[in-house]
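To start, the structure itself, in structure tokens.
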Amino acid sequence: QHRKKTLILSDLLQSGRIESELYSEIANLIKRKNISRFIGVGPAMLRQKHVFSGESMFFGSTKEMLKQLPAISFRDESILIKGARVFGFEQVIQALQQKTHETVLEVNMDALVHNLNFFRSKLNPGVKLMAMVKAFSYGSGSYEIANVLQFHRADYLAVAYADEGVELRKAGIRLPIMVMNPEEQGYEGIFKYGLEPEIYNLRTLELLKNSLKRFGKQEAGEVNIHIKLDTGMHRLGFDEANLHELLQKLSKSGLRVASVFSHLAASDDERHDAFTNRQIETFERMCRQLEQGLGYKFYKHILNTAGITRFAQAQYDMVRLGIGLYGISNLPEEQPFLQHVSTLKSIISQIKRIPEGATIGYNREFKTVRDTQIAIVPVGYADGLSRSLSNGRYSLLVNGEPAPIAGNISMDMCMIDITGIQANEGDEVIIFSPELPITELAKAMHTIPYEVLTGISRRVKRVYYQE
941 QHRKKTLILS DLLQSGRIES ELYSEIANLI KRKNISRFIG VGPAMLRQKH
991 VFSGESMFFG STKEMLKQLP AISFRDESIL IKGARVFGFE QVIQALQQKT
1041 HETVLEVNMD ALVHNLNFFR SKLNPGVKLM AMVKAFSYGS GSYEIANVLQ
1091 FHRADYLAVA YADEGVELRK AGIRLPIMVM NPEEQGYEGI FKYGLEPEIY
1141 NLRTLELLKN SLKRFGKQEA GEVNIHIKLD TGMHRLGFDE ANLHELLQKL
1191 SKSGLRVASV FSHLAASDDE RHDAFTNRQI ETFERMCRQL EQGLGYKFYK
1241 HILNTAGITR FAQAQYDMVR LGIGLYGISN LPEEQPFLQH VSTLKSIISQ
1291 IKRIPEGATI GYNREFKTVR DTQIAIVPVG YADGLSRSLS NGRYSLLVNG
1341 EPAPIAGNIS MDMCMIDITG IQANEGDEVI IFSPELPITE LAKAMHTIPY
1391 EVLTGISRRV KRVYYQE
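Mapping the sequence shown onto this note's numbering, position 18 (from 1) lands on 958, and the numbers just tick up by one.
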């Protein structure tokens, strides 16, 4: 949630309380909860508006509020709407959604929490959960996602770079944060904001050690680190042959090893289960060696989203939840239990009738074979709609009907064939949603959902909603 908070509240009906006392209590509660702006709706709210301090607005009815709503600015804020059924606040919700009448990525926080709890239910007692919020939380928004995870008691967060972690700290996130790619220029932020760097080779260890005194971190154990092991992924990480030298350098470093971890290369693919089990065996052997050399215990974790389900015997002390948090599983049997978190949608800017034999878009690669009705939609490859989807390789949804992309996708817009579809300018267009899963878009792009989600431009407004 954003730090700016707006509360829209109707009269409280049939409370049995003295009106002046009830609304004075509500006003005091709003003040204590640091609500930035209050909007009261109903005749009692109007009568008692004098008890409310701070930024506030009052309307005698929902109809009056709806008339004024276009003139009220809402930006970078959380809006809580609570009203008695007779006030029909669903009209307010619809009107607020129309205020974001453009290309937006809607993020369903209830679905995110559902997915978090689904995977949490698979954990053995005492096993901690690290949530991956790197790459702008897989395109879904950093602070907003992290704040919900903090509220629902995730144990750790993981980011790719120090600046992502600093941003979260500045926004009030207090959970431990692991930084997976700590760069030397990010050390100041790491030390200042209590972030915990991943160490994957001797060079990064030496750089970090040499920086401790410079940034005033001289007490033993003042900085937590996370040791990455290469057990077969052959990406970042210490090999088994490096462990003796690693232990020597750690012994007088003043650094405390908070966790040791590795990454499974193919946990979702049963064809490679023998290899995965060898990775797990290697990890256990390397951890034993490190534990003996350090003389103290640390968290151990190797499982990613697919591993949580398929290799439950290797949960150890903690697991890392990534793409599954956002409602996507590589396991077909698991997908029905997850809820899609994101919906990418836009609107129809203009509708045109194009005669048979005319061309549409750049390079004239699409020629109509009949009189065609097209819709121009303000979403293009700069927003994350890949140009590879041009010329009918993917269809968007208009009023529940598939509308193929016509012509080449432009930087800021695309054209779709809506011939035979009842549609008007201003109607909603779905790029992906629970009804048109992101996996279908990824398949059409010959890629994976990770790339689709992280490829959605930051210029696309994120809208978060929660019941």
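Just so you know, even glycine gets a beta-carbon here, dropped at the ideal spot from N, CA and C.
The model shown is predicted, which means the values in this text are computed figures rather than measured ones.
Exercise for the section: Determine contact between the segment 1082–1089 and the segment 1127–1135, defined as no fewer than three beta-carbon pairs at a distance below 8 Å. Expected result: Touching, no.
Problem - At least three beta-carbon pairs within less than 8 Å, the segment 1094–1101 to the segment 1068–1078 - result: Between the segment 1094–1101 and the segment 1068–1078 there are three or more inter-stretch CB-CB distances shorter than 8 Å, so the stretches are counted as touching.
Exercise for the section: Whole angstroms is fine: what's the gap from A1322's alpha carbon to V1259's? Expected result: Those two C-alpha atoms are separated by around 35 Å.
Practice task
Report the option in A984, E1004 and R1143 whose CA atom is closest to the CA atom of Q1031.
Solution key: The closest CA to that of Q1031, considering only A984, E1004 and R1143, is found on E1004.
Practice task
Determine the contact status of N1270 and D1208, defining contact as a CB-CB distance below 8 Å.
Solution key: Between N1270 and D1208, the gap from beta carbon to beta carbon is short of 8 Å.
Problem - For I1316: DSSP bridge partner residues - result: I1316 is bridged to Q1290 and M1355.
Handout entry: Residue nearest to L1195 in terms of C-alpha spacing, selected from L1148, G1297, N1348 and T1245
Key = For the residues L1148, G1297, N1348 and T1245, the minimum Cα distance to L1195 belongs to L1148.
Practice task
Below 8 Å on the Cβ atoms is my guess for T1394 versus Y1078; work out the distance and round it to an integer in Å.
Solution key: By a beta-carbon distance limit of 8 Å, T1394 contacts Y1078. Their separation comes to about 6 Å.
Exercise for the section: Using only alpha-carbon positions, find the residue among V1119, L1325 and D1352 that is nearest to I898. Expected result: The requested residue 898 does not occur in the structure, where the chain is confined to residues 941 to 1407.
Practice task
Measure from the alpha carbon of L1056 to the alpha carbon of each residue in V1163, G1264, E961 and Q1125, then state which is nearest.
Solution key: Closest option to L1056, Cα to Cα, is G1264.
Exercise for the section: For the alpha helix (DSSP H) containing G980, list its first residue and its last residue. Expected result: Run containing G980: none in the alpha helix (DSSP H); it sits in the beta strand (DSSP E), R977 to V981.
Handout entry: Beta-carbon separation (whole angstroms), S996 vs V981, contact threshold 8 Å
Key = Contact flag wrong, Cβ pair sits at about 12 Å.
Practice task
Please classify K1285: is it buried, with 16 or more other beta-carbons within 10 angstroms of its beta-carbon, or exposed?
Solution key: Buried is the label assigned to K1285, since at least 16 other Cβ atoms lie within 10 Å of its Cβ.
Exercise for the section: Determine the DSSP secondary structure at N1270, reduced to helix, strand or coil. Expected result: In the structure shown, N1270 sits in coil (DSSP, three-state: anything other than H, G, I, E or B).
Exercise for the section: Compare the Cα-Cα distances from V991 to each of I1220, I970 and A1011 and report the closest residue. Expected result: Cα-wise, what sits closest to V991 is I970.
Exercise for the section: For I1139, write down the residues that DSSP places opposite it in a beta bridge. Expected result: I1167.
Problem - Limits of the beta strand (DSSP E) - the one that A1098 falls within - result: A1098 -> beta strand (DSSP E) spans Y1096 to V1099.
Exercise for the section: Please confirm whether L1337 and E1375 have their CB atoms less than 8 Å apart. Expected result: Yes. Within cutoff.
Handout entry: At least three beta-carbon pairs within less than 8 Å, the segment 1197–1212 to the segment 1228–1243
Key = Yes, the segment 1197–1212 is in contact with the segment 1228–1243.
Problem - Sub-8 Å separation of L1204 and T1222 beta-carbons - result: No, they are not a contact pair.
Handout entry: Where the alpha helix (DSSP H) containing P1389 begins and where it ends
Key = P1389 -> alpha helix (DSSP H) spans P1389 to T1394.
Practice task
Using alpha carbons as the reference points, say which of Q988, I1345, N1364 and H1054 lies closest to P1276.
Solution key: Out of Q988, I1345, N1364 and H1054, H1054 has the C-alpha closest to the C-alpha of P1276.
Practice task
Determine the closest residue to Y1266 out of E1138, L1052, G994 and L1045, with distance taken between C-alpha atoms.
Solution key: Nearest Cα to Y1266 within the set E1138, L1052, G994 and L1045: L1052.
Exercise for the section: Rank Q1125, E1123, E1104 and R1211 by C-alpha distance to the C-alpha of I1117 and give the top, closest one. Expected result: Of the candidates Q1125, E1123, E1104 and R1211, the one whose C-alpha sits nearest the C-alpha of I1117 is E1104.
Exercise for the section: Quick one: give me the first and last residue of the beta strand (DSSP E) that K1068 is part of. Expected result: Segment K1068 to M1072, the beta strand (DSSP E) holding K1068.
Problem - Own chain residues within Cβ distance below 7 Å of C1227, not counting five before or after - result: Its chain contains V1200 and K1240 as the residues whose beta carbon lies nearer than 7 Å to that of C1227, once the 5 sequence neighbours on both sides are disregarded; these appear in chain order.
Problem - Selection from L1176, G1233 and A1315 that minimises the alpha carbon distance to V1183 - result: The question names Val, but residue 1183 is Leu in the sequence shown. Comparing Cα positions, the closest option is G1233.
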